[in-house]
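Numbering (the numbering used here), first residue to last: 24 to 616.
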């Protein structure tokens, strides 16, 4: 125990001077996705869609080939990978594709937006798994060359049980809607002006009823919401941006876990492109006053999507775009945290220029893979998720060695993988205060006080496993107050005041490079600047076995800020008579303002 016998000063804000403040985390460059595996395509690709076309429980991929007026289907294999592409004819210049059951037979059908025909080609799945009928094309715009389809989505817009088709047109700036008849055919065409070139569109009920809205990235027209009028058509509304830029992409997902679909979009001011996230207030209004800036980069982003990348239930964000080179693509990832918060983004580069991408869990591990269409190499590229695995891994420790007590705490950085979900860090069995990077590639912690000299273990524990490393603890360059096996204090130049575990606590660390007795008692008088002194009495304080240190808590209430403190007198016993220290004041340390 420790008792304060005399206290005649004020030093209450020493904590401000002595707390070790961690510096900024290094720029995160974790490889969220592993190296790409490429699958050949018969032509230059554009859009893609994923789903189980042949009902074998394995994800398949459909890719549009504009120059060939075809779609390529790559059927997933049970052992991983894809079979060689099989092609089906479409109308001219297929660019975007989506999947859904248009005729109610339980099989996915293919809907393709075709730029050259100003329409959508429907390929219906046959009962024989993986085969499709010849495509039938339905007009969704006016004359060729004036209204170019660029995006397509399927949803039951009138809630009659049948999927309907919505196609966004780049030229002309409108959305064409045709209601499904339930047999794979489509009804009359309705058009809605959105005031700008449509880049993409998504469907989802954003206001809590059962009728899906259409949310449209309309370029100079901004973000448009086609508000569903209970299945009897749409009204067009403008969703405000955050800095008046163009809208290049939109996506819907429940990012904050409140049951409402939130808005993710790319906003372009002509200089930079920002990936932004706005919460839904529950009525279908996206609150730009509470917007979260997910990424901000000069990269020419083309698309952004939600996915599950790190094994938790929080939606993560992936944005891709050109790096200025035709040979690769920038991939930026921001991991979702609790609520609407996101961690700092991680960046990596793909091996090819991606025209489009999707996120899907191909191997069932709970982490999305990235599937992209590589325009340069004419391949489907699959970048595996969870490149680091679920369990933490430690590749390096910086610094490799650090001083023991006597010079305050030391910041140590671990580099590796899956360090973002760590639940504990211990050094030599002592808990350490730590902070991880959002990408999971780095973790920074403070060395605990009173570590013994020599090689000391570092143990990191996460929900899916643990990892270990070591650090060399060396003697400090400045002298410290030492306890010798005889029980007497030997002052070689000073002791160290360091920050304690609790608010308002300082700790006097009495370190040793020799073996210590198991119990020790003593008396220490400290003097600060000649006008402050107090006496600490400690008794029956357990001492670590072997090389270690005695740690004495020092109350701070009433202590002054700043100055130099001294060891005035100190007496210690270790099962024998009390042995006094020299009475002349000895400088022990300087308190920094």
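C-beta: ideal position from N, C-alpha, C; glycine also.
Whether residue i touches residue j by CB criterion (8 Å)
i           : j           : result
residue 344 : residue 324 : yes
residue 82  : residue 70  : no
residue 381 : residue 329 : no
residue 200 : residue 172 : no
residue 226 : residue 270 : no
residue 401 : residue 68  : yes
residue 307 : residue 236 : yes
residue 341 : residue 356 : yes
residue 272 : residue 318 : no
residue 332 : residue 390 : yes
residue 285 : residue 291 : no
residue 163 : residue 212 : yes
residue 154 : residue 181 : no
residue 488 : residue 414 : yes
residue 98  : residue 124 : no
residue 478 : residue 450 : no
residue 463 : residue 441 : yes
residue 194 : residue 119 : no
residue 122 : residue 72  : yes
Residue nearest to residue i in terms of C-alpha spacing, selected from the options
i           : options            : result
residue 446 : 406, 426, 490      : 490
residue 156 : 141, 140, 126, 180 : 126
residue 282 : 254, 158, 247, 232 : 232
residue 399 : 373, 388, 391, 390 : 373
residue 196 : 202, 222, 100      : 222
residue 147 : 352, 113, 470      : 113
residue 434 : 421, 444, 441      : 421
residue 208 : 224, 220, 187      : 187
residue 245 : 262, 450, 335      : 262
residue 395 : 87, 79, 78, 80     : 87
residue 135 : 181, 150, 98, 85   : 85
residue 370 : 250, 287, 170, 354 : 354
residue 288 : 479, 248, 215, 471 : 248
residue 206 : 316, 258, 130      : 130
residue 159 : 185, 115, 150, 258 : 115
residue 439 : 458, 448, 419, 423 : 419
residue 448 : 483, 476, 417      : 483
residue 138 : 93, 178, 385       : 93
Residue i, DSSP secondary structure in three states
i           : result
residue 549 : Note that residue 549 has pLDDT 45, beneath the 50 cutoff, so the model's placement of it is unreliable and no number is given.
residue 43  : Caution applies to residue 43, whose pLDDT of 23 falls short of 50 and renders its modelled position unreliable; the model cannot decide the point.
residue 91  : helix
residue 542 : At residue 542 the pLDDT is 41, less than 50, meaning the model places this residue with poor confidence and gives no usable figure here.
residue 313 : helix
residue 469 : strand
residue 177 : strand
residue 134 : strand
residue 400 : coil
residue 280 : coil
residue 260 : strand
residue 323 : strand
residue 382 : strand
residue 62  : strand
residue 463 : coil
residue 111 : strand
residue 100 : coil
residue 163 : coil
residue 564 : Because residue 564 sits at a pLDDT of 41, beneath the cut-off of 50, its placement in the model cannot be relied upon, and the following sentence gives the value as read from the coordinates. Residue 564: strand per DSSP, three-state reduction.
residue 116 : coil
residue 439 : strand
One or two residues paired with residue i in a DSSP bridge
i           : result
residue 341 : 328, 356
residue 426 : 497
residue 239 : 224, 247
residue 148 : 155
residue 291 : 269, 296
residue 69  : The partner list for residue 69 (beta bridge, DSSP) is empty, contrary to what the question assumes.
residue 201 : 188, 212
residue 126 : Bridge partners of residue 126: none, in fact.
residue 452 : In the DSSP output, where bridge partners are listed per residue, residue 452 has none listed.
residue 83  : 74
residue 490 : 483
residue 457 : 468
residue 171 : Answer is none; residue 171 lacks a bridge partner.
CB contact check: residue i to chain C, cutoff 8 Å
i           : result
residue 301 : Among the protein chains of the structure shown there is no chain C, as only one such chain exists.
Next on the checklist: Quick test of the definition: if touching needs 3 or more C-beta pairs under 8 Å, does the segment 55-70 touch the segment 102-109?
Outcome noted: A contact is defined here as three or more CB-CB pairs under 8 Å, and the segment 55-70 meets this definition with respect to the segment 102-109.
Next on the checklist: Check whether the segment 438-456 and the segment 378-394 are in contact - that is, three or more C-beta pairs closer than 8 Å.
Outcome noted: They do not touch, by the three-pair rule.
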